[in-house]
Amino acid sequence: MSTIRTKGTSPENKGSDNLLLQRNGPLTRDLLLAPGEFGLGRVPARLKPDQTTTVVCGFCSTGCGLNVHLKNGEAINLSPNTDYPVNLGMACPKGWEALAPLRASDRATTPLLRSSRGKLEPVDWDVALRTFCDRFKAIQAAHGKESVAFISTGQIVSEEMALLGALAKFGMGLLHGDGNTRQCMATSVVAYKESFGFDAPPYTYRDFEESDVVVLVGSNLCIAHPIMWERLLKNKNRPEIIVVDPRKTETATAATAHYALKPKSDLTLLYGVAHLLIQRGWIDEEFIRAHTVDFEEFKAHVEGFTPARVSEATGLSEAQLSTFAEKIHNGKRVSFWWTMGVNQSHEGVRVAQAIINLALMTGNIGRPGTGANSITGQCNAMGSRMFSNTTNLLGGHDFTKEEHRRKIAGILGIPEENIPTRNSLAYDQIIEGILKGKIKGLWIIATNPAHSWINQEDLHELLGRLDFLVVQDMYATTETAERAHLVLPAASWAEKEGTFINSERRIGLVKKVARAPGQALADFSIFQLIAQYWGCGDLFKEWKSPEAVFQILKRVSKGQPCDITGIEDYAMLDERGGVQWPYPEGATYESNERRLFEDGQFYRPDQKAKFAFQPPRPLPEPTDEQYPFTLLTGRGSSSQWHTQTRTKKSPVLQRLYPKEIYMEISPVDAKKLGITANEWVVVASRRAEIKARAFVTNSVQPGEVFIPMHYEVTNKLTFPSFDQYSRQPSYKACAVKVRREDDRG
Ligand code: SF4
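Counted from 1, the sequence shown has number 538 at position 538 by full-length UniProt numbering; the numbering is strictly sequential.
This is how it looks when you write it as structure tokens:
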């Protein structure tokens, strides 16, 4: 392994402005391999070599506490923490196998640069970092600073997100940077901001245990969030569990009521339920009057959503609609939950707000067991929402507001003019920017769009048009890394430290309990080095370590709804099993499980929640004679995570789900098409065709098919449409046709 030099390697990186040099001398192999903060080395000094310590899980947003057992400074095994307030001793298969992806044989262990022969070949960090800066700066010089963009992730710790966002926007002069959270949570963010005045999921997981009616819209909870489902099963009220989903999912099968509506008719259904509640006087007028605005307009809007109209649009009977409304009315503590079935929609924001409206009009918010509750996807999607500096200025501030820019510049000690005055393009607009020749350089961190992006083949072609593509990831074998000009090898979860924020706003601690392989570095260290090589290291003198950045994040949160100035340090997070925001200075909360809006005060200027609504819009790609099936996509099993970049590294997890891609089809349609169970079929959309095994099952209705999102080719089929407000892709419904493989198309 070669020595990694950090001095004098960039024209702008001379002498004393080198942060690492000032503090540590040259970043040599010896230093990298020593215990410490640079991503390599054994566990930090604060941990003993043979102890058990709690680390928050790095897969989903539930944020379970896992006890990692160390021997000789290396994590050898783990088990769920029985005292952690999130999971209470439980873990899903992914959690139990969380260490397996770290030990995979295809970890990226050295920077890789595409050579003149077209191959990715190993280089040392010095060459990699010089190339990174030289190529991106050359693109900026030729095409303007905005011609380089970044795509980040909900998978790295908040401190890394904040450093990346600050480095890119305040140091490198980039304007455009978005996260893969656009694919899962953008809809909820926009919905909450407009309805509540801030992106604020109001619940605590205890609400699952305290409801008497639980309404799940577009959420296959027991597969996507199995530990939340377990929390619900702990509910002693024998709650009514209502599932709204076109598919008879595992959750729907276990529910007390399942409303299998037509795909994407949810907005009409929710307006129809609101219509019935109002018509029957089953609303909380006092709450509406005291704590909301625009109810009268909403009431007029839903007047036309009669049972007959809603029944026609949704495929549910008028009796079912009536029973649904009755169940909500009969509940004393009704909680409404949603996730990707709502968010990944062409009108997801309005659907999310239709759910919020039901909670507001019935007074089901701010009390135990209630709430309009969006369940997040990735382990740190919530951190991204607060601190990634992509769509919001750090801490939920606004790039377009001068007072916010001045405040953040003052806190960070940077020139105010370094802060962009405009918002970034959204993810899809960055991709479109490549098409239009405006984005020439792209830096992708810990995400795999070549697999996950909607209408995938289009993206593959566009990635090939980039002058320079950098992928920073723990594997060099992802579909995206294989297309890169430069790969930067990154440490994994548990090979570095920092904080995640989970779905219930709990900030939990990730610790370094394993050593990153080869020359892989923590993303935090990579960002620090890029700052120096780029020549803007001076701006980040205070950003010395994740914990130092946590102190900065506390300061930027001051006075915001997500104020965390009362959290002292990492030790406090560790002792308490995480802390939910808000936790302002001087806070003396009795409970470590808190919900928002108990005082009926929301975050809008008038402190009232807003009823937001809009007429439903037609499906972007409806079925027709040529493409008669609606393709639904979603999570396949609780053993698979998104593009399977990590979960497919575990032989244990691999045994828990079908290896080959499959498509669920109803017995009625299978019979019509002559398809028998487990045979190969061809599924085609207007964009591509793929092969899948047929699962003949009643879980889907006639006219619908389902394919899990985890398989590499699923997104060749999906249709690129987006919610007009959140720019979130609508993965859930496009038109396809199906035939037996042996039949001619
Ligand atoms: Fe990890 Fe989520 Fe499973 Fe909990 S439910 S163990 S956070 S993947």
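Note that CB positions come from ideal geometry on N, CA and C, so glycine has one too.
Taking the alpha carbon of residue i as the point to measure from, which residue in the options has its own alpha carbon closest?
i, options, result
"residue 336", "239, 496, 301 and 378", "239"
"residue 531", "100, 164 and 331", "164"
"residue 543", "162, 113, 74 and 694", "162"
"residue 355", "270, 394, 309 and 386", "270"
"residue 717", "684, 443, 581 and 505", "684"
"residue 735", "585, 72, 703 and 499", "703"
"residue 510", "486, 519, 485 and 550", "550"
"residue 121", "274, 636, 435 and 485", "485"
"residue 687", "675, 715 and 538", "715"
"residue 630", "193, 187 and 246", "246"
"residue 190", "267, 86, 618 and 724", "724"
"residue 314", "77, 349, 616 and 370", "616"
"residue 508", "610, 571, 357 and 459", "571"
"residue 127", "462, 114 and 461", "114"
"residue 422", "123, 173 and 111", "173"
"residue 329", "279, 143 and 294", "279"
"residue 506", "591, 284 and 548", "591"
"residue 753", "659, 273, 501 and 448", "With the chain represented from 1 up to 745, any question about residue 753 goes unanswered, as that position is not in the structure."
"residue 695", "347, 300 and 658", "658"
Indicate, with yes or no, if ligand 1 has a heavy atom lying under 7 Å from the CB of residue i.
i, result
"residue 62", "yes"
"residue 748", "For the chain, the structure presents residues 1 to 745; residue 748 sits outside this window and is missing."
"residue 59", "yes"
"residue 226", "yes"
"residue 348", "no"
"residue 92", "yes"
"residue 95", "yes"
"residue 87", "yes"
CB residue i to CB residue j, shorter than 8 Å?
i, j, result
"residue 134", "residue 577", "no"
"residue 243", "residue 277", "no"
"residue 379", "residue 227", "no"
"residue 398", "residue 389", "no"
"residue 475", "residue 206", "no"
"residue 263", "residue 732", "yes"
"residue 472", "residue 490", "yes"
"residue 383", "residue 545", "no"
"residue 251", "residue 221", "yes"
"residue 155", "residue 450", "no"
"residue 353", "residue 195", "yes"
"residue 74", "residue 646", "no"
"residue 740", "residue 679", "yes"
"residue 488", "residue 466", "no"
"residue 377", "residue 185", "yes"
"residue 211", "residue 375", "no"
"residue 360", "residue 288", "yes"
"residue 582", "residue 567", "no"
"residue 58", "residue 493", "yes"
With residue i as the anchor, note down where its beta strand (DSSP E) starts and where it stops.
i, result
"residue 662", "662-665"
"residue 740", "734-740"
"residue 631", "629-634"
"residue 71", "65-71"
"residue 285", "No beta strand (DSSP E) holds residue 285; the alpha helix (DSSP H) holding it covers 285-291."
"residue 691", "689-696"
"residue 56", "52-56"
"residue 114", "112-114"
"residue 77", "74-80"
"residue 444", "441-445"
"residue 120", "120-122"
On the DSSP letters alone, give me the boundaries of the alpha helix (DSSP H) that residue i sits inside.
i, result
"residue 195", "186-196"
"residue 708", "Segment 704-708 is the beta strand (DSSP E) holding residue 708; no alpha helix (DSSP H) there."
"residue 453", "Note, residue 453: premise wrong, no alpha helix (DSSP H); not H, not E."
"residue 299", "295-302"
"residue 533", "523-534"
"residue 551", "546-557"
"residue 243", "Segment 240-244 is the beta strand (DSSP E) holding residue 243; no alpha helix (DSSP H) there."
"residue 367", "Counting along the chain, residue 367 falls outside any alpha helix (DSSP H), and DSSP gives it neither H nor E."
Quick check: is the beta carbon of residue i nearer than 8 Å to any beta carbon in chain B?
i, result
"residue 574", "Absent from the structure is chain B; it holds one protein chain and no more."
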